[in-house]
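Trainee:
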Amino acid sequence: MQLHIIAAVLFSLLASAFAQTSQSFNTTLAYDPVYDNGNLSTTGITCSNGANGVICKNCALTLSQIPGWPNISGAPPISSWNSANCSTCWQLALPDFNTTINVRAVDASSNGFNVGFALMNAATNGQALSRGRVSAVARQIPDAGCEQGQQGPKQPAEDADCPPPGFGCS
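Quick note on numbering: the sequence shown equals residues -19 to -1, 1 to 151 in mature numbering (1 follows the signal peptide of the UniProt record, and there is no 0).
(1) By Cβ distance, which residues of its chain are closer than 8 Å to N20, with the 5 residues on each side in sequence left out?
(2) Tell me, please, whether the stretch 56 to 69 touches the stretch 83 to 99 by the rule of three or more beta-carbon pairs shorter than 8 Å.
(3) Among residues of its own chain, excluding the 5 on either side of N102, which ones have a beta-carbon nearer than 6 Å to its beta-carbon?
(4) Output the residue ranges of the beta strand (DSSP E) runs that lie fully inside the stretch 8 to 70 and measure 3 residues or longer, sorted by chain position.
(5) Considering only C-alpha positions, which residue in the set Y16, N7 and C37 is nearest to F98?
(6) Per the DSSP calculation, L75 is bridged to which residue(s)?
(7) I'd like to check one pair, T8 with A117: are the Cβ atoms closer than 8 Å?
(8) Would you give the residue range spanned by the beta strand (DSSP E) that S116 belongs to?
(9) Let me know the secondary structure DSSP gives N102 once reduced to three states.
(10) Take V115 as the anchor and find which of F78, D124, G126 and C150 has the nearest alpha-carbon.
(11) Check the DSSP bridge columns for V87 and list the partner residues they point to.
(12) Find out if the Cβ-Cβ distance for the pair C70, G126 is shorter than 8 Å.
(13) For I53, which option in T80, L75 and N18 has the closest C-alpha, if you only look at C-alpha atoms?
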């Protein structure tokens, strides 16, 4: 009998944890052309170095080296440097356009999600410039949902110093 109770409690805890990670929330989506520039250094984003940063986790010294680029974003769940939410994957549903995009959160944003102009323009059927900011529904999804999107092999060479020295990746 005790085994059944323990199993029921464990199941309840696991179900609760899963429900918390898959809940959605209303937000907005806007563009920032800085995320279109794949040559931009990652030292300028909130999730740069530190244990959770893209430099330390992915050896990404430029935006184009972040897995899934150009589908990267500034995101409300990231509030500070080295946030546990760095590199989390988010699905953004745009109800006005009947489209969804998956983005990797790599920068802080206090006012909705921000993505590159090209990505927002594609998701809004060419209306990024005229709309500026649109309604979205966000939900965190498994990391695998953000692996696609990268245009060509942009990762550092196998023999590259990764993580690079001097970036606080110990």
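Positions of the beta carbon are idealized from the N, C-alpha and C atoms, including for glycine.
Note that this is a predicted model, so its numbers are computed, not measured.
Mentor: Taking the definition as stated:
(1) Hits under 8 Å: T43, L44 and S45.
(2) Contact between the stretch 56 to 69 and the stretch 83 to 99 is established, with three or more Cβ pairs separated by less than 8 Å.
(3) Cβ within range, chain order: A109.
(4) Along the stretch 8 to 70, the beta strand (DSSP E) occurs as fully enclosed runs of 3 or more residues at 53 to 56, listed in sequence order.
(5) Here the closest residue by C-alpha is Y16.
(6) The secondary-structure analysis by DSSP pairs L75 across a beta bridge with T80.
(7) Cβ atoms of A117 and T8: closer than 8 Å.
(8) Membership of S116 in the beta strand (DSSP E) is indicated by the continuous run R114 to I122.
(9) In the structure shown, N102 sits in a helix (DSSP, three-state: H, G or I).
(10) Taking only the C-alpha atoms, the option nearest V115 is F78.
(11) The partner list for V87 (beta bridge, DSSP) is empty, contrary to what the question assumes.
(12) Result yes, Cβ atoms of C70 and G126 sit closer than 8 Å.
(13) The closest CA to that of I53, considering only T80, L75 and N18, is found on N18.
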